[in-house]
Each structure stands twice: as C-alpha cells, then as structure tokens.
Amino acid sequence: MTEVLLAAKGKNGAPATLDEYRSAQGYATLERVLKDMKPADLIPIVKDSGLRGRGGAGFPSGLKWSFVATGDKADGGPKYLVVNADEMEPGTFKDRVILESNPHVMIEGIVLAAYAMEMTDGFVFIRREYFKQADILERAIDEARKAGILGHSVLGGKWSFDIHVHRSGGRYICGEETALLNAFEGRKAQPRSKPPFPAVRGLWGRPTTVHNVETLANVPGILRNGAAWFKGLAKNPEGAGTKMYGGSGSLERPMCVERPIGTTLRELMAEMGGVKGGKQLLGVIPGGASTAFLTPEHLDVPLDFDPVVKVGSRLGTGTFIVFSEDDCPVHGTLNLQRFFARESCGFCTPCRDGLPFGVGILERIEGGTATMGDLDLLDDLFRNIGPNSFCAHAAGAAEPVRGLYQHFRGILEDHIHQHRCPFPKPGAREVTHV
Amino acid sequence: MPEILFDGRKIAVPAGTNLVEAGLAAGVPVPVFCYHKDLGAVGSCRVCACTIKGADGKPPRTVMACMTAAADGMEVTTLDKASVDLRRYVVEWLMLNHPHDCPICDEGGECQLQDVTIACGHSQRRVPTMKRTFQNQFLGEFIQHEMNRCITCYRCERFYKDYAGGDDFGSTGSRDRVYFGRFEDGPLESPFSGNLVEMCPTGVFTDKLFRYKSRVWDLEIGHSVCPHCSVGCNVHPGSRFRELQRVRVRDNPAVNGVFLCDRGQFGHGYVMDPERPMTVRLQGESTSWDQALGTAGAELLGIARHAGPASIAFVTSARASVETHAALEGLAEESLAGSRIAHFDDPDREARALVALQALAAAGCPPLDQGDLAHVDVLLIAGAALVNEAPLAALAARQVARRGGKVFVLAPGETYLNDVATVIPAHPARLAAELGTVSAKLGDSNGAAADDPRLTLARALAAAKAPGILLGSDLVDGPAFQAGAALAKALAARGTAPRFGCVFPGPNGFGAAAMSAKPALPGILADLEAGKLQAMVLVECETSAWTPAQVEALKQLPLCVVLDYLPGPLHQAAGMFLPTEATYETDGSYVNRAGRLQAFARSRRIGVPVRADFQGSSFPRDYAVEPPLGDVRVAWRVLEQLRQAALGKAEARTLAELRAHIARTRPGWAPLRDIAPGSQGAMLELAVLAAPQGSLAAFPAAGSGLAVFRIDRTLGSEVLSRVAAPMRKMAGPPVALLSPADAKRLGIDGAGSIGITAGNRTVELAARVHPAVPEGTLLVPRDAELPHGLAQGAAANVAALAGAR
Amino acid sequence: MLKETLNGLGVTLRQMFKKPVTVQYPEEKPQVPERYRGRIILTRDPSGEERCVACYLCSSACPVDCITISASEREDGRRLPEAFRINFNRCIFCGLCAEACPTLALQMTTDFEMAETDGRNLIYEKEDLLVDHGGKYPDYSFWDEAGVAVTHAMGHGKQDVPPSDPRSNLP
C-alpha cells in the first residue's frame, strides 16, 4: 500500500499547508458534509466503518460519539471535543508523525467529529515536549481559521466551532482521559472516578469526548469514501482502516509507517530492516510500554486489536519495542517500571507505593541479590496492583511484568541463580530510590 | 431497601448506601483510610477491599467498599483471599515510606494506620527500600506537621479545602512524593484547622498543645460540652496527672458531628493557667471554706436584716451552668427572699438574650439547631458574620451550600461564607427593615429578573422546602428580632416548614434567659452606682461591660463575694474570693442556642498537676489523699453551701436534687430530670417555657460619626479561650473593620490606625478596610478597648491617627 | 514395709556421696544466665544520649503498674522522659516492659541483689535507672532509624533519602 492517508507530507517533507491539503481533496468532505448532512447522519457511518480508538484502548469510535446527548436530548449548553495529543507512552511516536506531516487531516477530523456531536469547542491537549508540533498545529489552525473553516460560522453555515491548543504541564498521567480533563481545568492531573463518564460530565462539568489524534485523522477518509471502503483497507477480515505502526528498540531502521491494520509483525520488521545487527529476536512489546511481551512465535499475528488480545497482549498504540537476544528483558522492564513509578499521579496506593515496591524487587533481581521468593512476590505483587488501582496507569504497568513472568521465567531464574544479569549489556545494578 | 448478605449477616440498608456503611450496619468495620463519612468516598487508599457477588450471576470480583453501592441480593465478603491479600499489600505499600517513629508519635494509640497495620498482620518490610522524606512546615501554634508519616489519603485536603473552604492549604507534587501543606510556612488561616488532627488517619497533623504529653490511653476522658459559644459542641477533654492536656471532639450527630472549631479545640488554656486562683481568700488572706462560707452566710443574713434583702444582689452569667443559675435563685429564699438576681453580667447581652428567646417563641416554628442545618435547603443568616459568633454553625452553613442549597448572609463583615453565599452587607440599624422587605416580597414570584439580591433571597425562601433563618446576636436589634420571627411565621403561613434560630451570648445564654423573668441587671447596676446595695455575690462574671463607676462601687461594698475560675479584676477586687471548677472539671448542664439541654461530666480532677508538683526532678515522693489545692468546688455546690450557711438548711442539695427541683418548679424543664452526659441531649420545649419579659431598643439611627458595633472574633474575643498565650498569638491583636468609603474619607489605605472618641475619651485601635462593611459603621472586636458607656450601635467620632501602621 | 523403708534410706545413702548443689550465697555468687530478668536499667545509645523516648509503652505493658513516666521535649526536638520512676516494691520482674521497649532503652540485667530495709529506697528514679552504656545492644540508635530530624538533618537518617522538593513538577 503506497497511498498515505494520514501522514501525507507537503513539499520537501514540510508539514502540508492548507493549500496543499486542499489540493489533495482536503476539506472537500467537510464542505459536503456541512452542506448536505445532518449531524445525526454522521454517527451511523462512523459506527459502520468499524473505526476504533487509536490511543490504545481500541474503543469503537462511533459508539463513543453516540454517548453524547445531541439534538433534543442535549441541554443546549456547551459541549467539548478534546483531542489527546499527549503522546508520552514510551516507544510511541505516531501522533507526532501525523502532526508533523499533515495537521489539517486531524483538524478536518476534529471539525467533522465535533459537527456530528454538535460540539461548541475543540481543545488539543498536546504533550509539553512537542514544541515544534504545537507550533505547526497552531499555524495550521490559524490557516483554517482564516479560511473560515474554524471560528464563528464554520464555512458560512449556522454552526460555529473553534479549536484551541493547550500545552501540557508534562506528566504522563495527563494522557489519562479524566486526568487530562483535570489538568485542563488547572487542577492536579489525577483521574476522576467514573461514572460520571466524560460524555455526561467532562471538561468543566460539560459533556465531553476525548479522542486520540490518529483516530480523528481517520474520520475525513471515512466520510469521504464510506464505511465499506474503510473496512476494505484492513488486511484482516475483522479489522478496519490503516494504522500508524512504529518500531523502535533493536531494529535496523526504527521508523513509523502507515500500513493496513492487521499487518503482521514479521512484515513490519522486515520493512524496518529486521533486528539490529542480524541478531536473533528475543521478544517484542507490541504497543507502547503498557503491553505484555510477545515472542518470536507471535510474529505472524495480525497487529489488530482483537488478534493481539487473543495471544495475551494488547495492540496498544501499535508502536512496538524490539528486544534482541542481547537485550535483557528484565532490565527493559525495570526501566519501564521506573518510568511508571515516577509518572504515577500519587492518587491511589497500589500505583503510588506499589509500583516503587515493584521497582525495588526488579532492582534486586537485575542486581543479582534476589531470591526465588522474590520472583513469586513480584508476580503476586503485580497481580494485586493491576486490577486494583484507580485508573489504568498501574494496570498498564503490570502488563510488561506479566509478560516477563509468562515468557521469560527462565531468564528471571538465570538472574537469580547466577547472582547477576546474564546478558552482555548488564542493566543498572545500582539500587536507587526511584 | 436493598437486602445484602455481608460476611454472612443479612441486613437491609437504604438504597445508595456504600459497602463501608453497610458493613458498619452489619457490625463489620471495614478498614478505611481515605473514606470518611462526612467527606465521602474517593477511592484512593484501596484498603477497604472486599469481594462482591452480585445477584446478576457475574463472577465474584474484588471492589472498593467505599466506591460500591449495596445492591439487592449482593453477597459481600471481606474475608476471602483476594480481599485479605489486597488489604495486606496496601498496608505493606503504605509502610514502605512510613517512618519508624511510632514511639515518639502523639497519634500512637489512636492511629488508624497503626490499627489497620496490626490488623492486617504486617510486621516486616519484605524488600527494604529507602524512605522518601519531606521538610515539615510551621503551621502555627495549634498544629504540628510531620509529613514523613503521610499515607496520602487526601483527607486533610478534602476537609480543609472542600469541606471547610480554606484556601491556604493543599497538595503538591506527584507519585510517592505528594506533599500536603501550605505554599509557605505560616499559621493555618482556617478557624477549623484543628480538625486536621482528627481527620488525619495517622500522625501528620497532631495537636501542638498536646505534643509529647501523654499516650491517649493514659488520659482521663469525660463527656463534656464546649463552653466557648452557644452552639454547644460536644467534646472529650483529656487530662492526666491532674493536667488538662487536650480537647477532642465527641461525635454528637445532633450538634457538631465530628467537627470542632479551633476556639473549642485549642481554647482550653484557661483551665491550666498558672495565674488561675485556686484558694479561698478573705480580705486578701487565705482561709478555709468553712470559715469563708460561715462568714459570708452570717454577713448576708445581717445585711438582709438591717438594710433589707433588696440591698443584696446575686449575679451570674451565661457561662455558668443551669444548676448554678438555679442554685443562685435558691439563695433568694426565706430570710433572703426579696434579694435581687441577675442571670447575666452584661446588660446589653441580657436584653439581647431575653429578646432572642421571645423571638424563638414568637416564631412558632421548631428551632434551628446545629443538626437541623443538615436538612435546610435555603438558609438566611441575618445580623452576624456567623463564623465569629458560632463558628460551627458557619461550617454547617457552608455544607448547606455545598449540598446545593442556597445561603444568604444579611450582615456586615462576612469573612467566611463569601465564596458560597450571597452576601448583602446590611447596616445593622437597617436589618429590621431589610427583613421586612424580604417578608413583603415573599409572594413576588413573577417579576423581572432579580437584580436585587433581596428579591432573589425572597424568591429562594418562598421556593424552599425547608428554609432556615438564623439570627446573630450582637448586630441584631429589637425590631430585627421581631422581623426575623415574623419572616419565619410568614414562611410557615406559605406552607413551607421553616426553622428559626438565634445565636445566644455564652454557652448557656439560652438557659440563663430561660431562667430570667425580666431584665434585672440594669436595675442592679444602677443601684450599685447609687450606693443602694450592701452586698453582691458574683458567680463566674465579667465586669468588662460595666462602667468604671460601677466597678469602683463594687469595690466599696461591705460584702462582695466572687466565685470564679478566671483571674482578673474581680478576683483582685473581691472581699471574698471562692475558687470554682471550670466546665471540664465538674458536672452540670448547658442549654445551647436552640434549647438543647446537654449535660457534662467531670474529666479533670482538680488540684496542682503532678508536673507542677515535682520534688527535685521527679514525681513527689510523699503520698497524700487530697491533691495540693484540690479543694476547689463547683459553683452550684458552693452556692448551696452558702445557702446552708445563710438560711440554716440542714443539707446542701445534690446535683440530682437540684435538677429535680428545677424540673419540678419550672415549666418546660422536665428533660433536666433524666439528662445524662454523653447523650445527644434533650430539647427544652419552647412552647412550654415561660417566656421572659423585656425589650431591646432599635439601634440608633445614623448620626454624626461612625456607628460602633462590638462584635466577636472567631479567635481572641471569647473570654475563656483568650486567656492562653497560644490562642492570643494565633488570634493576633484586635482589628476594627471599616467600609471602603469611610476609609477613603478618613484617608486610610487598606489598613491603618484609628482613634475612636466618645464623650471625653479616645482610644486607639488598628483598623482594616473590609468590603462587606456598610458605610457609616465600624465593627470593633469585643476584646478591644472602647470608650466606656458607648452603647452598641452608638455613634463615635473616628479619625485616622498619624503614623499609621 | 521394711522394703520401702530400706529403699528410702538407700536414696539418702546415695545422696550422701554426691557433690552438693547448694551455693554458699552470699559468700559465693551464683552464675546467672545472660538473659536473666533482674534489675531494670535505662541504657544509652552509642552517642551517649539517653535512649528512652518516653513513649509510655513499658508503663502500658506493665501488669502491676509500677512504671510512671512524664514525657518532655528537649530544645533540639528530642523526646525524653523528664521523670521516669520504677517502683520495685511492686515490680514482678516479668520482663514485659523490656519486651515492649521499642528503642531498646529499657533492659533487664542479671543483678538481683536489690534488697532494702526501707521500701522507699526501692522507688527508683531516672538517675537511679540510667546507666552509661548500651546494655545488650550497644550499637542501636533509634533516632538514626526513625525518620525524624533530631540527630541528623531531615532525610539523612539510615533509611532516608534526602527531602523531596514539593514545589518541583519534576518527578
């Protein structure tokens, strides 16, 4: 597949300008939809398309849209569309590619989604470190505003809508849907209890939908070409559309590419030049840091939401991290756990204090001072942390440990029996307070 | 009512009950840290894990009890492996960073964390990691900060910011480094900061006055009632070795719930004041009780015989117990019949309390007690910045707003409810008119949009299901009391169920007013000044409201007997001084501002505390049955013994006999017979009580100069709590409040120094501009000195002083 | 009957030739085990400071209520007993106080020779109880482990990391 739907760049690799985007039929869909379709007509199309949230959870987008009260059921007050561009998941860099190459496709997606849910304002919550990307986005929004696509009376119609960019304070937890809303309101970025769900009481107590950048970037294509076309893009029968796949870690050419959903790991890795230095593949964390390990036997699993769940992991963000035979998965996991422990918001006990405890155990294992009892403790610990924390942060943190325990039990035991890390690149042995 | 099976016990609970409360109902206390019945559930600590099996047939799952509502047919177990394991882990996680300082922590013994840790069986850190630490902050004279102990349950922040409306305290930081404190070191500004001690499930916030004093299990604790205002909060004073060491809240859902204000929690320093008079003194010499009582009795009889009983006056105050008031009346019998009795020591407050009681009776609706505030949906507070006069009522008023009700304040100088209430800073002299306007506009439901907050207020009251009207004390004049009662009546006539309440001066203002037949003090004071009195017995009184001439006349009296537990001018002036026991040291009862009769019991054995009685560097080595200076008696008993001496009675009446006597002879006081400390108290029946006579004039209309009003301060103006140094330090010097317009006219920018002139006297006072003070008024804290004879609301010349601070 | 009598006399006869176990106390001192529960002492930590923090756990554990304490705070924040009394008239040497002591301050010694003719002399004050050594645990110092800034700056105890900055947004 050579057609680039989401991340078509402009001239010389610069971000596509409004004119460039327009010349590729950009905003034509929006004009047609605003002229010919009622908001309620959009949701069935998106539902039929099978579009699922690209932020990691894979929640059906059409269904999400239908949760927001519209028409007579709405109370007439403001409703908000929030775009989660707080891409802080380790190993994940797909939204950045979209923002850097084609910000307008996301803007059009935002306007279309907002039109479908009759929203009044859109907010892009962008990762603090994405200075350049935020500038690009703001420039693109400016262009769109000048062209009458945003602001009072969108494209001359009755409906008004504008997009505002908010730069994050810079914490991983801000990517959690409700913590993001709290951060937006100037509160501590801590998750809210659900229910009430954001669709009922979100930003400033108003109905709100939170979407990932990539999800929204898919919307113009769906509405332009129809649900059947979108479904047909996928490689596997149950999938729909394309996906920004990214690869990092011990790869010859780490990169981010847009491929039909359901492409296998083997195909993607081949495209990225295979494991670095021609080494053997040890394992893969398939979708950002908060997913469980896959092993070489899973290379032919289609990378779509359901097939990956079937083999015991999650697609997550679709950006995988490759471990070669020289990379210690214990050290890799320890590194991730340090990240998760550090990025806990501090609200609930399992995450705030349980994750540092896990780090302590992993440090002992990696440092060679652990006992077999510590292995059981580690497993038991994360079984208790995962399902019992307030939000999905600690549950995500438990995933790589679960995979480690499931697939690399032998490596863990080697650490203990040899009283050191058996890998050539020994991990940090120093014991720190995370 | 869903029926659930909780650990094998079948119970029915109201719909929406969470599983922690359901567990308590079933007799299973689920461990909690972050959950608090008044702060609600947030689900942060995860220690209340239990496993539920719904009637829907889904597999059992482990949930947080506080976040889960009981559903019909639900089976809950707290004892399955998953829940037990999780609770054990939660404790282990919390212990990772908790310091090893239980031996020196004042919370030890009443620490929720300690209890749950032991209950969950945690004793060893399996993977010892280093512990995070924090710098502590100086949070004022009341609260000690020890952040290392924090288990991050967010209760303190939820109480301080959300429940009590404070804005100078909160959390910062993330992960396992969440910090609870102020932006910078400094005293906590909320007058409810003391509740942090009770809220914190471990020892992050402890009572500074109790620091390193005792273990809680060593304390002698009795059920008592706070004597610092008319709300009548229930307290547990704790003392050890004859030293009163702390005061904690006692949960009385009908009054204060589990909250206290700082005045009540930290105002107990007067009890252990080193200056406190503890000996019987006659003409400056110490003497025995028998000697003093015999002398006083004989002299009283003699004076009655020669100069007539009308030359004898018995005066007590609103801080004396019901029994003391009754015992005082018992003196004016037989040969002393005809001697004069006043139940108040301040003529202005006497008139105010009597008229307030009349208004309560006239309103014809149930009184608005503290607990009733929980059911009020629209609350009108008139004539008081409530946090000054009845702090806990202000805290409850804030909860009315937090629950979605509406709160209106019709008074100047509001400082606490600004953010949740509609504040109309009415001039006190215009309060009656304002209330009348509201009454008149109750029916005005279809007008234009209400720009006038008075119209909004009238509409809200008219639309309320359970409106409440609460009048203050100091800033309400006679017509305003009547207008308030009339408003309540008008609301009742419209078919709503209003409640009407007043604030009374002192902890027993209601009781004192109910004992009074008519205002008595002005006559007594006039006669005193005119030299018509020969003897006075003053029981737990102040003379701060008296003129210098009256105080001077008191000193010249042939017989002046003073009973008190405070040092002060009266103690010096008295020919005879009889030391009495303070509230926490004795048995008695108070009637709170809504007529709730509450008994209190002794929790401190009086006498020189052991710490002050050291021989060398250790405890005394000599043994005595009676502690040194231990023969201090409760006021009502002293009065009974005086009655015995003067009237030749065979025996002094006991507490029960005295109570039975009151219940028998006074209509409406029947509940006194069965009153017990540690209960919810009992309401005196307003309809049956004999209403006192008396009237209260309107505040003078605006004249030249500013109308000066004495008001209370939350901390620092109340007579008992201001004795101790930490309280005075936290309260700071008194500051008068004046309106921006007056300040501009006087040339005061923000804050400055003013001179108040009345008659031929000028006093100097610090002053501050307050936006909610109406033009033409000056609000002066009661503890500030004012020119004598300046009546409440009278005009005085006010000028800015050079060299403003 | 004669047989039983002879048996008894036989036992007596045999004992006559055995070494007696009687110790000629006080001329001869008995060997007491190290963990004997004798006179109670208050020990000092390695820096020579009083170990007792007046936590009241010994007095709470005491089944005969023979320990009386009054806590105080020294200027440097150290919690100390301003008075500590053990009434050995009442003490039953059960050792529960030593077991309860969380700072290893209160220990029991092998000394049992405490007899007095006047009961008042058996009331020991702090100065009578304090010794100038660490007893059975010479190396332990509660304040170094406690996580309280008294013997060291905050965050520099044996188990502590230096204080974190609550203002920082950095993790």
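Chains as they are written, first to last, in this note's numbering: chain A, 5 to 438; chain B, 269 to 1073; chain C, 1277 to 1447.
Backbone N, C-alpha and C fix where the C-beta goes; we use that ideal spot for every residue, glycine too.
Determine the chain B residues that contact C:A1376 at a beta-carbon separation under 9 Å, and present them in chain order.
Position 100 of the third sequence, counting from 1, holds the residue named residue 1376 of chain C. The premise fails here: C:A1376 is roughly 10 Å from chain B at the closest Cβ pair, so nothing lies under 9 Å.
Just to confirm, is the Cβ distance from B:V515 to B:H536 under 8 Å?
Translated into positions along the second sequence, residue 515 of chain B becomes position 247. Translated into positions along the second sequence, residue 536 of chain B becomes position 268. Taking C-beta atoms as the reference points, B:V515 and B:H536 count as a pair closer than 8 Å.
Counting contacts by CB-CB distance shorter than 8 Å, is B:Y480 in contact with chain C?
One-based indexing of the second sequence puts residue 480 of chain B at position 212. It does: the Cβ of B:Y480 has a partner Cβ on chain C nearer than 8 Å.
Run the CB neighbour count on B:G284, radius 10 Å, all protein chains shown included, and call it buried at 16 or more, exposed below.
As a working mapping, residue 284 of chain B is identified with position 16 in the second sequence. Within 10 angstroms of the beta-carbon of B:G284 lie fewer than 16 other beta-carbons, which makes it exposed.
Thinking B:P1008 and B:P1039 are a contact (beta carbons under 8 Å), I'd like their distance in whole angstroms, please.
As a position in the second sequence, residue 1008 of chain B is number 740, starting the count at 1. As a position in the second sequence, residue 1039 of chain B is number 771, starting the count at 1. Right, the Cβ-Cβ distance comes to about 6 Å (below 8 Å), so this counts as a contact.
Excluding the 5 residues preceding and the 5 following B:L910 in the sequence, name in chain order all residues of the same chain whose CB lies nearer than 7 Å to its CB.
Within the second sequence, residue 910 of chain B is the residue found at index 642, counting from 1. L561, A564, G565 and L599.
Buried or exposed by the 16-neighbour rule on C-beta atoms within 10 Å, applied to C:H1428
Counting from one through the third sequence, the residue named residue 1428 of chain C turns up at place 152. Taking all protein chains in view, the Cβ of C:H1428 is surrounded by fewer than 16 other Cβ atoms within 10 Å, so the residue is classified as exposed.
Applying a beta-carbon distance threshold of less than 9 Å, which residues of chain B neighbour A:C349?
In the first sequence, residue 349 of chain A corresponds to position 345, counting from 1. Per Cβ cutoff of 9 Å: S442, R443 and V446.
How is B:L988 classed by DSSP in three states: helix, strand or coil?
Numbered from its first residue, the second sequence carries residue 988 of chain B at position 720. B:L988: coil per DSSP, three-state reduction.
Straight-line Cα distance separating B:R1029 from B:E797:
Walking along the second sequence from the start, residue 797 of chain B turns up at place 529. Walking along the second sequence from the start, residue 1029 of chain B turns up at place 761. Distance between the alpha carbons of B:E797 and B:R1029: 20 Å.
Chain C contacts from the region 859-883 of chain B (Cβ-Cβ distance under 9 Å):
Residues V878, R879 and F882.
B:A338 to C:S1346, Cα distance in whole Å?
The residue given as residue 338 of chain B occupies position 70 in the second sequence. The residue given as residue 1346 of chain C occupies position 70 in the third sequence. Roughly 49 Å between the two C-alpha positions.
What did DSSP end up calling B:S507 once you bin it into helix, strand or coil?
Looking up residue 507 of chain B in the second sequence gives position 239. The answer is strand: DSSP assigns B:S507 an E or B state.
Neighbour flag for C:D1436 against chain B, beta carbons, 8 Å:
Indexing the third sequence from 1 puts residue 1436 of chain C at position 160. Interface residue, yes.
Please work out which residues of its chain come closer than 8 Å, Cβ to Cβ, to A:F343, disregarding the five sequence neighbours upstream and downstream, and give them in chain order.
The sequence position of residue 343 of chain A within the first sequence is 339, counting from 1. P94, Y176 and A293.
Tell whether a beta-carbon distance below 8 Å holds between B:T982 and B:P459.
The residue labelled residue 982 of chain B in the question sits at position 714 within the second sequence. The residue labelled residue 459 of chain B in the question sits at position 191 within the second sequence. Yes, these two residues count as a Cβ contact at 8 Å.
Neighbour list for B:W485 in chain C, Cβ cutoff strictly below 9 Å:
Looking up residue 485 of chain B in the second sequence gives position 217. Here the neighbours are Y1332 and S1336.
C:T1281 classed as buried or exposed, judged by whether at least 16 other C-beta atoms fall within 10 angstroms:
In the third sequence, the residue the question calls residue 1281 of chain C occupies position 5. Exposed, since its Cβ has fewer than 16 Cβ neighbours within 10 Å.
What's the call for B:N502, buried or exposed, on a 16-neighbour Cβ count within 10 Å?
Here residue 502 of chain B corresponds to residue number 234 of the second sequence, with the count starting at 1. Its Cβ being crowded by 16 or more others within 10 Å, B:N502 is buried.
What does C:T1393 touch in chain B if you count any residue whose Cβ is under 7 Å from its own?
Indexing the third sequence from 1 puts residue 1393 of chain C at position 117. The premise fails here: C:T1393 is roughly 17 Å from chain B at the closest Cβ pair, so nothing lies under 7 Å.
According to DSSP, which residues form a beta bridge with B:M398?
For this step, residue 398 of chain B is matched to residue 130 along the second sequence. In DSSP, B:M398 forms no bridge with anything.
Would B:E360 be called buried (16 or more neighbouring beta carbons within 10 Å of its own) or exposed?
Stepping through the second sequence from its first residue, residue 360 of chain B is reached at position 92. With 16 or more other Cβ atoms from the protein chains shown falling within 10 Å of its own Cβ, B:E360 counts as buried.
Counting only C-beta atoms, is B:D369 closer than 8 Å to chain C at any point?
Taking the first residue of the second sequence as 1, we reach residue 369 of chain B at position 101. True, the Cβ-Cβ gap to chain C drops below 8 Å.
Take the Cβ of A:H108 as the centre, count every other Cβ of all protein chains shown within 10 Å, and call the residue buried at 16 or more, exposed below.
Walking along the first sequence from the start, residue 108 of chain A turns up at place 104. Per the 10 Å Cβ criterion, buried.
Whether A:T33 touches A:P224 by CB criterion (8 Å):
Counting from one through the first sequence, the residue named residue 33 of chain A turns up at place 29. Counting from one through the first sequence, the residue named residue 224 of chain A turns up at place 220. In contact: A:T33 and A:P224 (Cβ atoms closer than 8 Å).
Would the region 741-755 of chain B count as touching the region 571-585 of chain B if we require 3 or more Cβ pairs under 8 Å?
Judged by pairs of C-beta atoms under 8 Å, the region 741-755 of chain B does not touch the region 571-585 of chain B, as fewer than three such pairs exist.
Bridge partners of B:E488, per DSSP?
In the second sequence, the residue the question calls residue 488 of chain B occupies position 220. Answer by DSSP bridge pairing, in chain order: B:S507.
For a cutoff of 8 Å on Cβ pairs, would you count B:I386 as touching chain C?
For this step, residue 386 of chain B is matched to residue 118 along the second sequence. Using a CB distance cut-off of 8 Å, B:I386 does not count as an interface residue toward chain C.
Chain B contact residues for C:T1379, given Cβ-Cβ distances below 7 Å:
Mapped onto the third sequence, residue 1379 of chain C falls at position 103. Using a Cβ-Cβ cut-off of 7 Å, C:T1379 is close to P371 of chain B, given in chain order.
Can you tell me which residues form a DSSP beta bridge with B:C828?
The residue you call residue 828 of chain B lines up with position 560 of the second sequence. Secondary-structure assignment with DSSP links B:C828 through a beta bridge to B:M804.
Is there at least one Cβ from chain B nearer than 8 Å to A:I420's Cβ?
What you label residue 420 of chain A is simply residue 416 of the first sequence in a count that begins at 1. Not one chain B Cβ lies under 8 Å of A:I420.
Cα-Cα, which of B:Y422, B:V281, B:F772 and B:N463 is closest to B:A862?
In the second sequence, counting from the first residue as 1, residue 862 of chain B sits at position 594. B:A862 has its Cα closest to that of B:F772, out of B:Y422, B:V281, B:F772 and B:N463.
Is the CB of B:C313 under 8 Å away from at least one CB in chain A?
Walking along the second sequence from the start, residue 313 of chain B turns up at place 45. Yes, because at least one Cβ of chain A sits closer than 8 Å to the Cβ of B:C313.
Note down the Cα distance separating B:R1097 from B:A701, rounded to an integer number of angstroms.
Any answer about residue 1097 of chain B is impossible in this case: the structure gives chain B only from 269 up to 1073.
Give a yes or no on whether 8 Å exceeds the smallest Cβ distance from B:L354 to chain A.
If you number the second sequence from 1, residue 354 of chain B lands on position 86. By this cut-off, B:L354 is an interface position.
If A:I145 sits next to A:I102, beta carbons under 8 Å apart, how far is it from one beta carbon to the other, in whole angstroms?
Here residue 145 of chain A refers to the residue found at position 141 of the first sequence. Here residue 102 of chain A refers to the residue found at position 98 of the first sequence. At roughly 15 Å, the Cβ-Cβ gap does not stay under 8 Å, so A:I145 and A:I102 are not in contact.
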